[in-house]
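The next block holds one structure in the form of structure tokens; read it before the comments.
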Amino acid sequence: VQDTGSQGIFALASAAMAASLASHGPAALVVAMLALGITMINPELAIRSVSRFSDEDTLQMAASNMSVPHEKLSPPPAGIVASVSEGASFLLVVSPANRTNPLDAAALATLLEKNVNWLRDALFHHGAIIFRGFHVPSANAFEQVALAISRDLATTYLGTSPRSSINGTTFVHTAADFAPHRTVPVHLEMSFRDQPPQTQMFYGYRLDHGKGGETPLTDFEGVWRTLSQDPEIREKYSSAGLQYIRNNDDCSALSRIDPLVQKCWQEMFKTSDRQQVLTKCKEELFNCTFLDDWQGRVRITNVQPFVRKHPVSGKTVWFNHINVLTRNSMVEDYERTAVLWGGLWGFWPLALSIYYRALFGLLSMFLNEIDFGSTVAFADGTAIPANHLAAFKRAIWKNTAQQPYQLHDIVVVDNLRVGHGREIYTGDKSLRKILTAWADEYPSKWFSK
Numbered sequence: 178v179q180d181t182g183s184q185g186i187f188a189l190a191s192a193a194m195a196a197s198l199a200s201h202g203p204a205a206l207v208v209a210m211l212a213l214g215i216t217m218i219n220p221e222l223a224i225r226s227v228s229r230f231s232d233e234d235t236l237q238m239a240a241s242n243m244s245v246p247h248e249k250l251s252p253p254p255a256g257i258v259a260s261v262s263e264g265a266s267f268l269l270v271v272s273p274a275n276r277t278n279p280l281d282a283a284a285l286a287t288l289l290e291k292n293v294n295w296l297r298d299a300l301f302h303h304g305a306i307i308f309r310g311f312h313v314p315s316a317n318a319f320e321q322v323a324l325a326i327s328r329d330l331a332t333t334y335l336g337t338s339p340r341s342s343i344n345g346t347t348f349v350h351t352a353a354d355f356a357p358h359r360t361v362p363v364h365l366e367m368s369f370r371d372q373p374p375q376t377q378m379f380y381g382y383r384l385d386h387g388k389g390g391e392t393p394l395t396d397f398e399g400v401w402r403t404l405s406q407d408p409e410i411r412e413k414y415s416s417a418g419l420q421y422i423r424n425n426d427d428c429s430a431l432s433r434i435d436p437l438v439q440k441c442w443q444e445m446f447k448t449s450d451r452q453q454v455l456t457k458c459k460e461e462l463f464n465c466t467f468l469d470d471w472q473g474r475v476r477i478t479n480v481q482p483f484v485r486k487h488p489v490s491g492k493t494v495w496f497n498h499i500n501v502l503t504r505n506s507m508v509e510d511y512e513r514t515a516v517l518w519g520g521l522w523g524f525w526p527l528a529l530s531i532y533y534r535a536l537f538g539l540l541s542m543f544l545n546e547i548d549f550g551s552t553v554a555f556a557d558g559t560a561i562p563a564n565h566l567a568a569f570k571r572a573i574w575k576n577t578a579q580q581p582y583q584l585h586d587i588v589v590v591d592n593l594r595v596g597h598g599r600e601i602y603t604g605d606k607s608l609r610k611i612l613t614a615w616a617d618e619y620p621s622k623w624f625s626k
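Residue numbers for the sequence shown follow the working numbering, so the first one is 178 and each next one is one higher.
Here it is as structure tokens:
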């Protein structure tokens, strides 16, 4: 519960400080010290006064959000137990029945291969599954389990996050090679493609960092359900098209200023041959143009729908990349983290939100919207209203589950429904390593008779 009296004092002190600093009057130092004192006494108040995230924006999921009636699910096979994560019906936690002698990677892989129907039904019913407490100690062991889930793992990655392949594996990559302070807003993997991956897996390989570092999971079926309660949004976006604009610099001229320029095009397309890039763009139905007046950056544009129907459940799912490709999204997620962390810890993500908001504001004085690293508009190029973007963000927050990894967790998500992100963390970058693998299609064995 917030102290409204202190909140008023904080607001008054902040206003007085701004006025004093503007005039450079002698009272500026006194007022600044007053605001600092209030902040130290009640850091929660300071954070919540700035953040757009509130307690009303927390997860409020119901069992009715599941896509498959519960009575159609068979019980888990012998050797494992399953329970729904508290407060998040779309997240199933699976653990070994014998925790003192847990199944290793080979045994878990065999169990999953022998119980294909249970795995399929559980994933489509819930949307995400955490395999927790099994003996899966390495990237190779993770790959063994991932291949048991899908023999058709993919390696083509056209997403925005920088990734690295893991030596000794064929299909395993780092999830995101960002510094610890960099947040990744939740999203459906490569939702800007005509055919994005259908299954995605994550693995908690190393977790020696400090605070944070979770992979938030969002039920985007629930996001659309929340948004569609607003008649205006339901009518405007149920058949809307979106235009994605992504700019990837040449590796020799990679922007160090714009945070939305996340990797160079040679890294994206795994080639330095422009013609090969254009050929790949044509395959993906991307419109790609090399901009020599921007030191050889490539601009990638394409149009996709705002929502799609899930191919199995038939339900409508928010299916777009707005939450990653628009400027203020990461700023607002830092504000959310500040509230979740709270106390003095919360000032670090709050400072990051203030920094990035100021940086984007400064850059907007010099850059057109299409010249940022990425942006999203309606299919005809008109801007998405700011109040709608705010509604999108709140709907996402309300359908997001976030819990700490446990070492060697394997998280499997239905990427046509449940999205993922990355929370910031404290400690050196080397202390946290999350690995990933993905499949472009659901396993064919899930649908064979």
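Just so it is clear, CB atoms sit at the ideal spot from N, CA and C, and this is done for glycine as well.
Since we're looking at a predicted model, the values are computed, not measured.
Candidates the options, of which the one nearest residue i by Cα
{"i": "VAL648", "options": "PRO408, SER415, VAL261, ALA616", "result": "With the chain covering only 178 through 626, there is no way to say anything about residue 648."}
{"i": "LYS610", "options": "LEU300, GLY389, SER260, ASP557", "result": "GLY389"}
{"i": "ALA316", "options": "MET378, ILE422, GLU512, GLU460", "result": "MET378"}
{"i": "ALA515", "options": "PHE355, THR360, ASP298", "result": "THR360"}
{"i": "LEU394", "options": "GLU412, LEU384, LYS486, GLU366", "result": "GLU366"}
{"i": "ALA560", "options": "ASN545, TRP574, ALA572, ILE573", "result": "ASN545"}
{"i": "PRO374", "options": "GLU391, PHE355, TRP401, ASP329", "result": "ASP329"}
{"i": "ASN219", "options": "LYS492, GLY519, LYS575", "result": "GLY519"}
{"i": "ALA563", "options": "ARG513, ASN576, ILE499", "result": "ILE499"}
{"i": "PRO339", "options": "GLN372, LYS440, GLU409", "result": "LYS440"}
{"i": "ASN275", "options": "PHE267, LEU285, SER266", "result": "LEU285"}
{"i": "ASN424", "options": "PRO436, SER530, ARG476, CYS465", "result": "ARG476"}
{"i": "SER490", "options": "ILE224, ALA299, ALA265", "result": "ALA299"}
{"i": "HIS386", "options": "THR332, SER607, LEU236, ALA318", "result": "SER607"}
{"i": "PRO253", "options": "LEU288, LEU540, PHE446", "result": "LEU288"}
{"i": "THR277", "options": "HIS312, HIS302, LEU296, PHE267", "result": "HIS312"}
{"i": "ARG451", "options": "PRO482, THR503, ARG474", "result": "ARG474"}
{"i": "VAL589", "options": "PRO314, TRP471, VAL322, PHE230", "result": "VAL322"}
{"i": "ILE587", "options": "ALA528, PHE524, TRP615, GLU398", "result": "TRP615"}
{"i": "HIS302", "options": "VAL494, ALA283, LEU250, ILE224", "result": "LEU250"}
{"i": "THR337", "options": "GLY381, PHE369, PHE467", "result": "PHE369"}
{"i": "ASN497", "options": "ALA282, PHE230, ASP371", "result": "ASP371"}
{"i": "ILE224", "options": "TRP522, TYR382, TYR334", "result": "TRP522"}
{"i": "ARG571", "options": "VAL271, PHE397, PRO357", "result": "PHE397"}
{"i": "GLY604", "options": "PRO279, TRP525, SER226, SER266", "result": "TRP525"}
{"i": "SER432", "options": "ALA318, TRP471, THR332, LEU566", "result": "TRP471"}
{"i": "PHE173", "options": "TYR380, LEU527, ASN479", "result": "Beyond the ends of the chain as shown, which are 178 and 626, falls residue 173; an answer cannot be given."}
{"i": "ILE410", "options": "ASP232, PHE355, LEU566", "result": "LEU566"}
{"i": "GLN481", "options": "PHE230, LEU455, GLU461", "result": "GLU461"}
{"i": "SER231", "options": "LEU280, LEU517, GLY538, ALA554", "result": "LEU517"}
{"i": "GLY310", "options": "PRO273, SER226, THR466", "result": "PRO273"}
Distance CB(residue i)-CB(residue j) smaller than 7 Å
{"i": "ALA352", "j": "THR613", "result": "yes"}
{"i": "GLN443", "j": "CYS458", "result": "no"}
{"i": "TYR582", "j": "LEU269", "result": "no"}
{"i": "GLN420", "j": "ALA556", "result": "yes"}
{"i": "ALA255", "j": "GLU290", "result": "no"}
{"i": "GLU391", "j": "GLU600", "result": "yes"}
{"i": "SER228", "j": "GLU512", "result": "yes"}
{"i": "VAL349", "j": "GLU320", "result": "yes"}
{"i": "ILE573", "j": "VAL400", "result": "yes"}
{"i": "GLY381", "j": "LEU527", "result": "no"}
{"i": "PRO357", "j": "TYR532", "result": "no"}
Test: residue i CB closer than 7 Å to a CB of chain C
{"i": "ARG433", "result": "Going by chain labels, chain C is absent from the structure shown, which holds only one protein chain."}
Own chain, CB closer than 7 Å to residue i, minus 5 neighbours either side, in chain order
{"i": "PRO362", "result": "ASN500, VAL501, SER506, MET507, ASP510, GLY598"}
{"i": "GLY558", "result": "GLN420"}
{"i": "THR552", "result": "ILE422, LEU502, THR503, GLU546"}
{"i": "SER342", "result": "HIS350"}
{"i": "TRP295", "result": "SER251, PRO253, PRO254"}
{"i": "ALA283", "result": "GLN321"}
{"i": "THR332", "result": "PHE348"}
{"i": "ASP234", "result": "ARG571, TRP574, LYS575"}
6 Å CB neighbourhood of residue i in its chain, flanking five on each side removed
{"i": "SER449", "result": "GLN443"}
{"i": "ALA195", "result": "In this prediction, ALA195 scores a pLDDT of 44, lower than 50, which makes its location untrustworthy; no coordinate-derived value is stated."}
{"i": "GLU618", "result": "GLN375"}
{"i": "TRP623", "result": "ARG297"}
{"i": "ALA240", "result": "Confidence in ALA240 is poor, its pLDDT being 39 and thus under 50, which makes the residue's placement too unreliable to answer from."}
{"i": "ARG630", "result": "Residue coverage of the chain in this structure runs from 178 to 626, which leaves residue 630 outside it and unanswerable."}
{"i": "ASP426", "result": "SER432, VAL438, CYS441, ARG474"}
{"i": "ALA530", "result": "One detail in the question is off: residue 530 reads as Ser in this sequence, not Ala. Cβ within range, chain order: VAL508, TYR511, GLU512."}
Residues of its chain near residue i, where Cβ-Cβ distance is below 8 Å and the 5 sequence neighbours each way are ignored
{"i": "SER621", "result": "ASP329"}
{"i": "GLN627", "result": "Shown here, the chain extends from 178 to 626; a query on residue 627 therefore has no answer."}
{"i": "LEU540", "result": "ILE434, ASP435, PHE549"}
{"i": "SER244", "result": "Unreliable placement is indicated for SER244, whose pLDDT of 45 sits below 50; the coordinate value is still reported in the next sentence. Around SER244: PHE301, HIS302, GLY304, GLU398, HIS487, VAL489, SER490, LYS492, ARG594."}
DSSP beta-bridge partners of residue i
{"i": "VAL553", "result": "TYR421"}
{"i": "ALA587", "result": "Residue identity check: residue 587 is Ile in the sequence provided, not Ala. For ILE587, which the question treats as bridged, DSSP gives the partners PHE308, TYR380."}
{"i": "ASP281", "result": "HIS312"}
Does the region 298-315 come close enough to the region 256-271 that 3 or more CB-CB pairs lie under 8 Å? yes
Say whether the region 586-595 touches the region 401-412, bearing in mind that this needs 3 or more beta-carbon pairs closer than 8 Å, one atom from each stretch. no
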